[in-house]
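Take the position in the sequence shown, starting the count at 1, then add 32; the result is the number in my numbering.
Glycine included, each C-beta is placed from N, C-alpha and C at the ideal position.
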Amino acid sequence: MTTEKKPQAKKGGTPKEPGGNAAPLSREQVLQQYAETGYELDRHPAHVIRRAHQRATLRFQQVMAGEDLSP
Numbered sequence: 033m034t035t036e037k038k039p040q041a042k043k044g045g046t047p048k049e050p051g052g053n054a055a056p057l058s059r060e061q062v063l064q065q066y067a068e069t070g071y072e073l074d075r076h077p078a079h080v081i082r083r084a085h086q087r088a089t090l091r092f093q094q095v096m097a098g099e100d101l102s103p
């Protein structure tokens, strides 16, 4: 896992719209750029902690269903 940004060469570039806003990317383009970064979200500590918290909250809600409690 790496958090460093690698310089990327412009391959055709993203066409700019008037006003300086970039044109939206297709899903395939986004997935390709994500793959090129080498970033592994599932291994990032903050993401793992967030997922664990979401699971714990869900489990709490399941166990305490019907009770007037909150986490």
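- If you draw a straight line from the Cα of T69 to the Cα of E60, it is about 15 Å long.
- Within the region 48-95, the runs of alpha helix (DSSP H) at least 4 residues long that lie entirely inside it are, in chain order, 59-69 and 77-95.
- Q64 and A88 have their alpha carbons spaced roughly 33 Å apart.
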